[in-house]
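Shown next, in structure tokens, is the structure this report addresses.
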Amino acid sequence: MTTKTDLKNLTLPALEQFLQGQGKERFRALQVFKWIYQQDAYSFDEMTNISKALRKELDETAFISNLEPEAVEQGNDGTRKYLFPLADGNSVESVLIPIEGRNTLCISSQVGCAMACEFCLTGTFKLTRNLTTAEIVNQIMAVRRDLIRNPPALSLDAAGIIDDEDDDDQADSPAAIRNIVLMGMGEPLHNLDNVIPAIQIMIDGNGLQLSNRRVTVSTCGLVPEMGRLGREIPNVNLAVSLNATTDELRNRIMPVNRSYPLKELLKACKEFPLPGRRKVTFEYVMLGGVNDTLDDAKRLLKLISDIPNKVNLIPFNEHEGCEFKAPTRKSIDAFHKYLIDRHVTVITRDSRGGDISAACGQLKGKLEKK
Ligand code: SAH
Numbered sequence: 138m139t140t141k142t143d144l145k146n147l148t149l150p151a152l153e154q155f156l157q158g159q160g161k162e163r164f165r166a167l168q169v170f171k172w173i174y175q176q177d178a179y180s181f182d183e184m185t186n187i188s189k190a191l192r193k194e195l196d197e198t199a200f201i202s203n204l205e206p207e208a209v210e211q212g213n214d215g216t217r218k219y220l221f222p223l224a225d226g227n228s229v230e231s232v233l234i235p236i237e238g239r240n241t242l243c244i245s246s247q248v249g250c251a252m253a254c255e256f257c258l259t260g261t262f263k264l265t266r267n268l269t270t271a272e273i274v275n276q277i278m279a280v281r282r283d284l285i286r287n288p289p290a291l292s293l294d295a296a297g298i299i300d301d302e303d304d305d306d307q308a309d310s311p312a313a314i315r316n317i318v319l320m321g322m323g324e325p326l327h328n329l330d331n332v333i334p335a336i337q338i339m340i341d342g343n344g345l346q347l348s349n350r351r352v353t354v355s356t357c358g359l360v361p362e363m364g365r366l367g368r369e370i371p372n373v374n375l376a377v378s379l380n381a382t383t384d385e386l387r388n389r390i391m392p393v394n395r396s397y398p399l400k401e402l403l404k405a406c407k408e409f410p411l412p413g414r415r416k417v418t419f420e421y422v423m424l425g426g427v428n429d430t431l432d433d434a435k436r437l438l439k440l441i442s443d444i445p446n447k448v449n450l451i452p453f454n455e456h457e458g459c460e461f462k463a464p465t466r467k468s469i470d471a472f473h474k475y476l477i478d479r480h481v482t483v484i485t486r487d488s489r490g491g492d493i494s495a496a497c498g499q500l501k502g503k504l505e506k507k
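When the letters of the sequence shown are read in order and numbered with the numbering used here, they come out as residues 138 to 507.
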């Protein structure tokens with residue numbers, strides 16, 4: 138038995154190769170690709186500019202996968218959390234964050250995560266498996282469908298997950314997805330073989346037509362893979378979860394630091410190819426009484442000062458079974474002010490989606506502790 142190929146695992150050039158391998162004309166790939174991503178075709182039957190005979194042939198060797206949410210929860214702030222069951226019984230979550238009428242979608246890259254950061258709920262479940270390219274792009278496509286049926290009411294507060302630097306003052310349609318952040322479950326740089334083609338499909342003008350300026354990959358600091366990402370997809374935005382300003386603390390709370398200590402990580406940030414005036418986003422989870430003093434702020438500033446930077450402060454979201462505590466309002470404000478006063482671009486993320494466990498570090502799908 139030959140298994141059928143899921144076409145959503147293929148970038149446009151890979152689809153060309155696949156069809157050429159079956160003796161089909163090259164232009165067929167573009168037709169099929171557009172049907173999939175622009176018309177959201179579920180089956181070859183819908184592809185009316187392709188002959189019936191060819192559609193039948195395609196149907197024998199290939200298929201088009203999709204995800205359907207099993208549950209959609211909406212938080213008080215308009216944040217929506219989607220639970221997607223996968224074909225093998227696993228599941229992942231995605232989070233939609235509407236900010237001032239612009240939608241940011243946070244997607245997952247793995248079931249579970251191998252990085253074992255001490256403060257992160259997803260990390261406590263270990264890695265079950267990588268998501269396929271299709272499963273990554275299908276999170277976006279499923280949310281796009283939900284947005285068309287069910288556009289969010291405008292949410293007016295701006296303090297959020299992402300600051301729009303390329304603000305062009307154009308209103309998006311309420312159903313459009315503006316930003317994609319790979320900040321859900323998993324470490325995207327631990328699954329680059331599938332993440333890179335997924336991003337290529339996202340930014341392909343014939344695919345999901347997102348601007349590469351609006352796709353952000355977040356990493357805990359896999360240094361060699363940062364190099365590969367920069368080489369293979371120049372122009373994508375990089376976010377780095379720094380979270381500590383000394384190797385001693387970072388070794389303890391983020392085991393990845395034992396392989397790639399701060400010095401190497403910051404060197405990789407410096408070398409990352411960022412076009413124009415763009416900056417590396419440094420995420421900093423504030424853990425009450427652990428990394429939230431002005432001395433930490435001072436060291437943070439020193440570490441990142443020779444890299445074009447902006448800082449995302451994320452007050453720790455508490456979850457069961459984790460010892461860490463949220464920082465006090467006072468320490469958040471003081472940390473924030475220290476950086477602002479020294480001309481750093483800082484955003485303190487208000488905890489979005491906390492009431493539906495959709496906030497940073499709270500995603501788990503249906504994982505059970507192993
Ligand atoms: N693995 C990638 C992508 C996940 S992004 C990475 O580490 O960057 C998820 C972000 O949420 C990371 O910045 C992480 O440090 C942060 N985070 C994890 N657990 C958290 C928690 N309980 N509260 C607040 N932020 C958390």
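Here a beta-carbon is modelled for each residue, glycine too, at the ideal position from N, C-alpha and C. Fair warning: this is a prediction, and the values are worked out from it, not measured in the lab.
Helix, strand or coil at residue i according to DSSP, with G and I counted as helix
i: Ile493; result: helix
i: Ala296; result: In this predicted model, Ala296 has a pLDDT of only 46, less than 50, meaning its place in the structure is not dependable enough to derive any value.
i: Pro150; result: helix
i: Arg350; result: helix
i: Ser228; result: strand
i: Asn428; result: coil
i: Ile390; result: helix
i: Asp478; result: helix
i: Ile484; result: strand
i: Leu437; result: helix
i: Leu144; result: helix
i: Leu411; result: coil
i: Thr382; result: coil
i: Met339; result: helix
i: Thr259; result: helix
i: Ile469; result: helix
i: Leu366; result: helix
Whole-angstrom C-beta distance between residue j and residue i, which should lie under 8 angstroms
i: Leu329; j: Arg368; result: Wrong, their Cβ atoms sit about 11 angstroms apart, outside the cutoff.
i: Asn134; j: Asn394; result: The structure shown does not extend to residue 134, since the chain is modelled only from 138 through 507, so no value can be given for it.
i: Val318; j: Leu268; result: Actually they do not touch by this definition, with Cβ atoms about 15 angstroms apart.
i: Gly498; j: Cys257; result: 5 angstroms
i: Thr382; j: Leu440; result: 6 angstroms
i: Gln168; j: Asn186; result: 6 angstroms
i: Phe409; j: Leu375; result: 5 angstroms
i: Ile244; j: Thr216; result: Actually they do not touch by this definition, with Cβ atoms about 14 angstroms apart.
Beta-carbon proximity check, residue i vs residue j, cutoff 8 angstroms
i: Thr259; j: Leu500; result: yes
i: Ile390; j: Cys250; result: no
i: Ile451; j: Val417; result: no
i: Ser246; j: Ile273; result: yes
i: Trp172; j: Glu162; result: no
i: Leu191; j: Ala166; result: no
i: Ser378; j: Thr356; result: yes
i: Ser202; j: Lys145; result: yes
i: Ile370; j: Ile314; result: no
i: Ala496; j: Phe472; result: no
i: Pro288; j: Pro311; result: yes
i: Asp214; j: Gly426; result: no
i: Ile493; j: Glu210; result: yes
i: Asn454; j: Phe419; result: no
i: Phe200; j: Lys141; result: yes
i: Leu438; j: Leu476; result: yes
i: Thr270; j: Asn331; result: yes
Below-8 angstroms beta-carbon distance, residue i vs any chain B residue
i: Gln176; result: Absent from the structure: chain B. Only one protein chain is present.
Element boundaries [alpha helix (DSSP H), containing residue i]
i: Val169; result: 164-174
i: Leu402; result: 399-408
i: Arg282; result: 270-286
i: Leu195; result: 189-198
N- and C-terminal bounds of the beta strand (DSSP E) containing residue i
i: Phe221; result: 217-222
i: Met423; result: 417-423
i: Gln247; result: 247-249
i: Leu264; result: 264-267
Identified DSSP bridge partners for residue i
i: Ile234; result: Thr241
i: Pro452; result: Met423
i: Ala208; result: Leu220
i: Thr356; result: Val377
i: Asn328; result: The partner list for Asn328 (beta bridge, DSSP) is empty, contrary to what the question assumes.
i: Ile314; result: Asn240
i: Asn446; result: Val417
i: Leu319; result: Val354
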